[in-house]
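Visitor: In this note's numbering, the protein residues as written are 109 to 264. We treat Cβ as the ideally placed atom computed from N, Cα and C, and that holds for glycine. The following block contains the structure, expressed as structure tokens.
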Amino acid sequence: MSHPLLCWDIILEGRSRREEFSKDISYLNHLQESGYWKYSPGRSLDNALVWENKTILVTTADLKILFASKNIERMNGYQPWEVIGKSPKLFQGPATQLSSRLMIRNALTEMKPFNCTILNYRKDGTLYNCLIEGYPVANEAGRLTNYVAIEEEIDL
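Put into structure tokens, the structure is as follows:
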């Protein structure tokens, strides 16, 4: 006999996932609420992390990784601390398509949001398709401060 899904099941799952990602959520909320980000991404980062199970990277304006959510390890084998201070190019290699790299580079140059699928490399050298939603973030003066990438591995 099957049992109906109870609202408590949903609440407990959400609570459990929020506890799992509590440090990541706290850091992202701090960035968004500190006044440092006047213009933030057009979507909820904690929902992307908790409910959509996506990986979030935040870079500085000069594209050095400032933050990586803990679930980056599930996607590509890297621990968050291993990628801090490095360029996202760390995930690229010989098979990464030039067209994808150019599309991302143009969006970053023009400070525009983008969606792109790119062939990336895991820490062990295996390939995976990464869907990236990228958002430029500006401060109150309108100056670019960060980029936010909401990422997930996808099948093609």
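Taking the alpha-carbon positions, what's the N254 to A215 distance?
Guide: Cα-Cα distance, rounded: 14 Å.
Visitor: What are the boundary residues of the alpha helix (DSSP H) that includes N237?
Guide: No alpha helix (DSSP H) holds N237; the beta strand (DSSP E) holding it covers L235 to A246.
Visitor: Using CA atoms only, rank isn't needed, just tell me which of K172, E260 and L252 is closest to L227.
Guide: Closest by alpha carbon: E260.
Visitor: If you check the beta carbons only, do S208 and C224 fall under 7 Å apart?
Guide: Yes, Cβ-Cβ distance for S208 and C224 is below 7 Å.
Visitor: Does DSSP put E261 in a helix, a strand or coil?
Guide: Strand at E261.
Visitor: Within a Cβ cutoff of 6 Å, which residues of the same chain sit near L136, ignoring the five residues on either side of it in sequence?
Guide: L153, listed in sequence order.
Visitor: Which residues mark the beginning and the end of the alpha helix (DSSP H) in which I212 is found?
Guide: Here the alpha helix (DSSP H) through I212 covers L206 to T217.
Visitor: Quick check on DSSP: helix, strand or coil for A176?
Guide: Three-state DSSP puts A176 in a strand.
Visitor: When you compare only the Cα positions, how much space is there between I173 and K194?
Guide: Using only the alpha carbons, I get a separation of about 6 Å.
Visitor: Would you verify that the beta carbon of N137 is, or is not, closer than 7 Å to some beta carbon of chain E?
Guide: The question asks about chain E, but that chain is absent: this structure has only one protein chain.
Visitor: Quick check on DSSP: helix, strand or coil for I226?
Guide: Three-state DSSP puts I226 in a strand.
Visitor: Taking the DSSP output, what are the residues bridged to I133?
Guide: Bridge partners of I133: none, in fact.
Visitor: Could you tell me how far apart the beta carbons of S177 and D132 are, in whole angstroms, since I believe they sit closer than 8 Å?
Guide: Their Cβ separation, rounded to whole angstroms, is 5 Å, which keeps S177 and D132 in contact under 8 Å.
Visitor: Which residues mark the beginning and the end of the beta strand (DSSP E) in which L165 is found?
Guide: Run containing L165: T163 to T168, per the beta strand (DSSP E) assignment.
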